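Chemist: For the sequence shown, full-length UniProt numbering assigns the number 1 to the initial residue and increments by one for each residue that follows.
Heads up, the beta-carbon is just placed ideally off N, CA and C, and yes, glycines get one too.
In this text the structure is predicted, and so the values were computed from the model without any measurement.
Here you go, one structure.
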Amino acid sequence: MMDSTPQIIRGLSEQHRAELRASGLSDETITASGCYTENDPLKLSGMLNRKYPKVRGAGLVFPFPGMNGELTAFKRVKPDNPRIDQNGRKVKYESPSGLPNRAYFPSQVRHILTDAGSELLLTEGEKKALKASQEGFPCIGLTGVYGWKSGKGVDRLIVDLQPIKWRDRQVRIVYDSDADTKPEVKEAENRLAAILQLFGAKVKVARLPHGPNGEKVGLDDYLLTHDRTELRKLLDGAGDPEPPEEAVEKIKAHELDTAPEAQRFIRKVGSQNGQLLLRHWQGSFFGHDGRRYRKLTDDEMRQRVYSFIEPLVSHINRSVIFNLMMCIQAECQLPSTVTIPSWLDGSDREVIALQNGLLDVQAWLDGSDNCLLPHSPKWFSTTCLPYVFDPTADCPIWRSVIARNLEHDSARIALAQEWAGYLTVRDTSQQKCLLAFGEGANGKSVFFALLRALLGAENVSSVQLEVFGERFQLNPTLGKLANIVSEIGELDRIAEGYFKSFVSGDAMQFEEKGKTPFMAVPTARLTFATNNLPRFSDRSLGIWRRILLLPFTATIPEHERLPGLDKPEYWIDSGELPGVLNWALHGLRRLRENGRFTDAEACRQALEEYRTESNPARAFLVDSLIESPNGTIVTGDVYYRYTQWCEGNGYRRLAANTFGKEIVRAFPKAIKGKAFNSMGERRDGYHGIDEV
Numbered sequence: 001m002m003d004s005t006p007q008i009i010r011g012l013s014e015q016h017r018a019e020l021r022a023s024g025l026s027d028e029t030i031t032a033s034g035c036y037t038e039n040d041p042l043k044l045s046g047m048l049n050r051k052y053p054k055v056r057g058a059g060l061v062f063p064f065p066g067m068n069g070e071l072t073a074f075k076r077v078k079p080d081n082p083r084i085d086q087n088g089r090k091v092k093y094e095s096p097s098g099l100p101n102r103a104y105f106p107s108q109v110r111h112i113l114t115d116a117g118s119e120l121l122l123t124e125g126e127k128k129a130l131k132a133s134q135e136g137f138p139c140i141g142l143t144g145v146y147g148w149k150s151g152k153g154v155d156r157l158i159v160d161l162q163p164i165k166w167r168d169r170q171v172r173i174v175y176d177s178d179a180d181t182k183p184e185v186k187e188a189e190n191r192l193a194a195i196l197q198l199f200g201a202k203v204k205v206a207r208l209p210h211g212p213n214g215e216k217v218g219l220d221d222y223l224l225t226h227d228r229t230e231l232r233k234l235l236d237g238a239g240d241p242e243p244p245e246e247a248v249e250k251i252k253a254h255e256l257d258t259a260p261e262a263q264r265f266i267r268k269v270g271s272q273n274g275q276l277l278l279r280h281w282q283g284s285f286f287g288h289d290g291r292r293y294r295k296l297t298d299d300e301m302r303q304r305v306y307s308f309i310e311p312l313v314s315h316i317n318r319s320v321i322f323n324l325m326m327c328i329q330a331e332c333q334l335p336s337t338v339t340i341p342s343w344l345d346g347s348d349r350e351v352i353a354l355q356n357g358l359l360d361v362q363a364w365l366d367g368s369d370n371c372l373l374p375h376s377p378k379w380f381s382t383t384c385l386p387y388v389f390d391p392t393a394d395c396p397i398w399r400s401v402i403a404r405n406l407e408h409d410s411a412r413i414a415l416a417q418e419w420a421g422y423l424t425v426r427d428t429s430q431q432k433c434l435l436a437f438g439e440g441a442n443g444k445s446v447f448f449a450l451l452r453a454l455l456g457a458e459n460v461s462s463v464q465l466e467v468f469g470e471r472f473q474l475n476p477t478l479g480k481l482a483n484i485v486s487e488i489g490e491l492d493r494i495a496e497g498y499f500k501s502f503v504s505g506d507a508m509q510f511e512e513k514g515k516t517p518f519m520a521v522p523t524a525r526l527t528f529a530t531n532n533l534p535r536f537s538d539r540s541l542g543i544w545r546r547i548l549l550l551p552f553t554a555t556i557p558e559h560e561r562l563p564g565l566d567k568p569e570y571w572i573d574s575g576e577l578p579g580v581l582n583w584a585l586h587g588l589r590r591l592r593e594n595g596r597f598t599d600a601e602a603c604r605q606a607l608e609e610y611r612t613e614s615n616p617a618r619a620f621l622v623d624s625l626i627e628s629p630n631g632t633i634v635t636g637d638v639y640y641r642y643t644q645w646c647e648g649n650g651y652r653r654l655a656a657n658t659f660g661k662e663i664v665r666a667f668p669k670a671i672k673g674k675a676f677n678s679m680g681e682r683r684d685g686y687h688g689i690d691e692v
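Here it is, written out as structure tokens:
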């Protein structure tokens, strides 16, 4: 929020705004939905993963947020001039090719998804879900009557719907009014109800009445002509779903042969075109979503297995699920020697996963135009940046912001750029952590918001440094690109030891509750912002050589601050992230060429002051002594004055031998030897330094 640059808001044409208003959506709901107009056929083609003819005109774009509100790569488009399908019907909405179905979560819905005490509606389409949620009826939108279904074959909920707490929840399915006259729609409705009932939901089907002339009515249409009380009455009177048609006779669970069933699961669910999409590593299952692997919770995996066998098996119990999961694990187990990330085929190619492919980092650094590879399940990684790679993209807003916030200091800007690039790749070789500090409105929160947007929320952890020595605390950082924390406090010696090992990339023990501990190499680069610098107890170089101190010393006047710059959402909506990535990659190139981060004078001076302030003995020495080629000191005399200084200033003094080590640390050119005291006595001392 430190720049006067105008905020970017995606445009919505008056035609599209009028269309949304005609569906009963308020301007507040429209804005919250993030809908926008896209006129560029190339961008629309990129969203849909197929050609978008110009004749289709502009498209009304519906971004799909996940359960946590973070935008996904999935967008649906409503063309101004829809195409006609083979049955002569208009295709009003276009979904992306090659991507699985996603659920549409209006902002009013997300907070109740884990609260089974709240009623939830399911309907077809985004506008209908937005209208119902706006009117106080939390509603999830499906991309079609089978939009809840994952793939072909056995009924399974899509990934978006699996984490929702269904047990004992009141659920109402509200499809269009023609569901009663179309058997195929009614069957989809009944099958959805059946699978939700398996998860313990209390499902009813609400039937909307037809229009005055028998026309089809959707949930948004109904709410245009009926008030909330009437909809409430209709929902309360909803009926029980009919059982879906049984495809085959079920076998009893005790008759199930789990080994071949596990192989069938792998073929149908855990693989594609002969490539495994499901892996088991270090006690957890990981599923490939087309771009990266996602760690599956035990509950998610049990749900997948249950959904897979339920249409064929009766009397399912926990033992059957457990045995089947063990067999599935054996089919996709990775050796403990595998690290994350890595190529499972042994390749050493360094890549960055983005929405449109894997960026070959070395090829990009070498200036190749052919540096984007297709996604592959052979790349075992849990991270994917939430935008596309565009080699032509720029970021003028960000360049202006960072230049202003770092006072046009080219060295500090270069360091920030190199750090951003360093975070995008899997590299801990620099053995550094970044500590950004400064009080007040100085811009460091803007830099951190940009980093979070650049890397993506799912690729960042936020474990406080103070708890690094505690059990289970490191596990959330594994596989992440960065561990970003906005404020840190004082550290104890145990946490300092973990800090040094973590930054150095040493193999460390990671442990998840209820699972066996394992050794792995840290992946997240530590990135901290703070108003008050923490005090380290370690006086050696072990801590200080690992710290990059980036001071934010500017004070941004109130009239220049733009609300929102310090939020990742601003940079996501700005459209500049592909350009920011290019900016960061240029920083990475400079880092690789120089072999180290830019040595900014302001950073070096700030680190020296920080180190001195954190070590009272060092502060005394640099104030009392000075380098002098012909100078000598007697250690005992200096130590006596030091003890007096400690007593006068309330510090605990170091032991004499430890104090001697501090002299060497503060003045590395000093030579240990003999010197004469004021009495003419020959005593232990140092040459090359003298009293001030």
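For D360, which residues does DSSP report across the bridge?
Modeler: V351
Chemist: Quick test of the definition: if touching needs 3 or more C-beta pairs under 8 Å, does the segment 450–464 touch the segment 607–625?
Modeler: Under the 8 Å Cβ criterion, the segment 450–464 does not count as touching the segment 607–625, having fewer than three qualifying pairs.
Chemist: Could you compute how far the alpha carbon of N649 sits from the alpha carbon of A436?
Modeler: 29 Å
Chemist: With respect to the beta strand (DSSP E) encompassing S628, which residues constitute its N-terminal and C-terminal limits?
Modeler: L625 to V634
Chemist: Helix, strand or coil: which one does DSSP assign to I8?
Modeler: Residue placement at I8 is poorly supported in this model, since its pLDDT is 32, which falls under 50; the coordinates still yield a value, given next. In the structure shown, I8 sits in coil (DSSP, three-state: anything other than H, G, I, E or B).
Chemist: Taking the alpha-carbon of E560 as reference, which of G673, D599, K672 and N442 has the nearest alpha-carbon?
Modeler: N442
Chemist: Near L621, which residues of its chain fall below 6 Å by C-beta distance, leaving aside the five closest residues on each side in sequence?
Modeler: If you ignore the 5 residues before and after L621, its C-beta comes within less than 6 Å of the C-beta of A666, all in its own chain and listed in chain order.
Chemist: Could you tell me the distance, in whole angstroms, from the CA atom of N317 to the CA atom of P100?
Modeler: Looking at the two C-alpha atoms, the distance is approximately 29 Å.
Chemist: Which first and last residues belong to the beta strand (DSSP E) in which N483 is found?
Modeler: A482 to V485
Chemist: Please look up how many angstroms separate the CB atoms of S45 and Y36, rounded, as I've assumed it's under 8 Å.
Modeler: Not quite, the Cβ-Cβ distance comes to about 16 Å (not below 8 Å), so this is no contact.
Chemist: In this structure, does DSSP put I140 in helix, strand or coil?
Modeler: strand
Chemist: Taking the continuous alpha helix (DSSP H) assigned at S133, which residues delimit it?
Modeler: E126 to Q134
Chemist: Could you tell me whether the Cβ atoms of A238 and A206 are closer together than 8 Å?
Modeler: yes
Chemist: Would you kindly check if the distance between the Cβ of I633 and the Cβ of D684 is under 8 Å?
Modeler: no
Chemist: For I494, which of helix, strand or coil comes out of DSSP?
Modeler: Low local confidence applies: a pLDDT of 46 at I494 is under 50, so the model's placement there is unreliable, and no value is given.
Chemist: Of all the options N323, A132 and D298, which has the alpha carbon lying nearest to the alpha carbon of F105?
Modeler: A132
Chemist: If we ignore side chains and look at the alpha-carbon of each, how far apart do T428 and V521 end up?
Modeler: 10 Å
Chemist: Counting along the chain, where does the alpha helix (DSSP H) carrying R302 start and finish?
Modeler: D298 to I309
Chemist: On the criterion of 16 or more Cβ atoms from any shown chain inside 10 Å, does I572 qualify as buried, or is it exposed?
Modeler: buried
Chemist: Report, in whole angstroms, the separation of the C-beta atoms of L385 and I352, which I expect to be a contact under 8 Å.
Modeler: 7 Å
Chemist: Report yes or no: do three or more beta-carbon pairs, one from the segment 505–513 and one from the segment 398–406, lie closer than 8 Å?
Modeler: no
Chemist: A201 and W148: beta carbons closer than 8 Å?
Modeler: no
Chemist: Note down the Cα distance separating N68 from M301, rounded to an integer number of angstroms.
Modeler: In a straight line, the C-alpha of N68 is about 20 Å away from that of M301.
Chemist: For a quick check, are the C-beta atoms of E576 and C395 less than 8 Å apart?
Modeler: yes
Chemist: Report the three-state DSSP secondary structure of L312 (helix, strand or coil).
Modeler: coil
Chemist: Output the distance between the C-alpha atoms of residue 740 and Y222, rounded to the nearest integer angstrom.
Modeler: The chain is shown only over 1 to 692; residue 740 falls outside these bounds and no answer can be derived.
Chemist: From the DSSP output, which residues share a beta bridge with E38?
Modeler: G59
Chemist: With DSSP collapsed to three states, give me the class of Y104.
Modeler: Strand at Y104.
Chemist: As an exercise, report each continuous beta strand (DSSP E) stretch of at least 3 residues that is fully enclosed by the UniProt domain "SF3 helicase" (411–565), in chain order.
Modeler: At a cut-off of 3 residues, the continuous stretches assigned as beta strand (DSSP E) that sit fully inside the UniProt domain "SF3 helicase" (411–565) are 433–437, 482–485, 508–510, 518–520, 525–530 and 547–551.
Chemist: Would you decide whether H111 is buried or exposed? Buried here means 16 or more other CB atoms lie within 10 Å of its CB.
Modeler: exposed
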